[in-house]
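Numbering follows the numbering used here, in which position 166 of the sequence shown is assigned residue number 301; successive positions increment by one, without gaps. Glycine included, every Cβ here is placed at the ideal spot set by N, Cα and C. Structure, as C-alpha cells:
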Amino acid sequence: MNSTQLARLVIDELIRHGVREAVAAPGSRSAPLALALHAADSSGRLRLHVRVDERTAGFLALGLARGSRTPVPVVTTSGSAVAHLHPAVLEAHHSGVPVVVLSADRPAALRDTGANQTTDQARLFGGAVRLQADVPAGDPAAPQAWRALVSRAVAAATGALSADPGPVHLNLCFAEP
136 MNSTQLARLV IDELIRHGVR EAVAAPGSRS APLALALHAA DSSGRLRLHV RVDERTAGFL
196 ALGLARGSRT PVPVVTTSGS AVAHLHPAVL EAHHSGVPVV VLSADRPAAL RDTGANQTTD
256 QARLFGGAVR LQADVPAGDP AAPQAWRALV SRAVAAATGA LSADPGPVHL NLCFAEP
C-alpha cells in the first residue's frame, strides 16, 4: 500500500468508529491524510475544518471533541508543526477530552539524518496522551495493523480501555508525502 491508500484506511477506520468532524493543518508530509480527509468531506462522511495554524487547529479539535463528546482527529505535518499542538493536547489531557493527533512523519530510516524538521515527534507528548504509537511505513501487515491500531486509539481516547478518556497520538510514517 502506498501512503495515500494507508491514509485513506486510517481515515475510513476513524469514520467507522464514529468520527464525524476532523481538523487539518496540512503540509507536504501530511498530504495523504489531507487528501483522505478532503475525500471523506466531499462525500459527506465527515466535516473537515482546515486551519493554517497548528495551535488553532489543536484548539478547534479540542472544542469540537469537548462539545460532541466524540473523538476528533487533528492532522499535522512533520517537525515543529506537531509541537504546536502541545497546549491543546495538555488541555485535552487535563479535561479528559478525546482528541486524536495524527502526525505525519518520515520513515525511521530518514530520521536523524541532518535534514530539517526531523523532530523526534513520536514521544513528543509524553504522559499527556492515553496512547501513543509510532506507526512504521512499508510494513506488509500495515493494513490490518493500522486498522487495529486506530481501533485501539479510539478506545483509549474515549476511555473504553481505562475509563480515563483523553488525547491519543498516532505518528504515521509515510515513505512519500
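- prompt: For L266, which beta-bridge partners are listed by DSSP?
  reply: For the purposes of this step, residue 266 is taken as the residue at position 131 of the sequence shown. Partner(s): V303.
Sequence ranges, beta strand (DSSP E) only - wholly within the stretch 167-237, length at least 3: Listed in chain order, the complete beta strand (DSSP E) runs (minimum 3 residues) inside the stretch 167-237 are 182-185, 207-211.
message: Are the CB atoms of R182 and E156 within a distance shorter than 8 Å?
response: Taking the first residue of the sequence shown as 1, we reach residue 156 at position 21. Taking the first residue of the sequence shown as 1, we reach residue 182 at position 47. Cβ distance < 8 Å, so E156 and R182 count as in contact.
- request: Can you check DSSP and say which residues form a bridge with D240?
  value: Residue 240 sits at position 105 when you count from the first residue of the sequence shown. The beta-bridge partner set that DSSP reports for D240 consists of C308.
G193 Cβ short of 7 Å to the ligand NAD heavy atom set: Ligands are entirely absent from the displayed structure, and the ligand NAD is therefore not among its contents.
task: Count the other CB atoms, across all protein chains shown, that sit within 10 Å of the CB of S138; report buried if there are 16 or more and exposed otherwise.
output: Mapped onto the sequence shown, residue 138 falls at position 3. By the 16-neighbour rule on beta-carbons within 10 angstroms, S138 is buried.
Rounded straight-line distance, which links the Cα of H219 to that of A310: On the sequence shown, position 175 is the one that residue 310 refers to. On the sequence shown, position 84 is the one that residue 219 refers to. Within the model, the alpha-carbon separation for A310 versus H219 is close to 23 Å.
query: Roughly how many whole angstroms lie between the Cα atoms of L199 and T293?
result: By one-based count along the sequence shown, residue 199 stands at place 64. By one-based count along the sequence shown, residue 293 stands at place 158. Their Cα atoms are separated by approximately 14 Å.
- request: Could you tell me the boundaries of the alpha helix (DSSP H) in which A142 lies?
  value: Against the sequence shown, residue 142 aligns to sequence position 7. Per DSSP, the unbroken alpha helix (DSSP H) holding A142 starts and ends at 138-151.
query: Helix, strand or coil: which one does DSSP assign to V158?
result: Counted from its first residue, the sequence shown places residue 158 at position 23. DSSP places V158 in strand when its eight states are reduced to three.
field: Three or more C-beta pairs below 8 Å linking the stretch 170-177 and the stretch 223-232
entry: Under the Cβ criterion (8 Å, minimum of three pairs), the stretch 170-177 does not count as touching the stretch 223-232.
message: Short of 6 Å in beta carbon distance, which residues of its chain neighbour A291, apart from the five on each side in sequence? Order them along the chain.
response: Along the sequence shown, read from residue 1 onward, the residue named residue 291 stands at position 156. A distance below 6 Å between beta-carbons, with the five flanking residues on each side excluded, links A291 to the following residues of its chain, in chain order: R265, L266, V303.
Same chain only: Cβ atoms within 7 Å of G153, ignoring 5 sequence neighbours per side: For the purposes of this step, residue 153 is taken as residue 18 along the sequence shown, with counting starting at 1. The beta carbon of G153 lies closer than 7 Å to those of T205 in the same chain, with the five residues before and after it left out.
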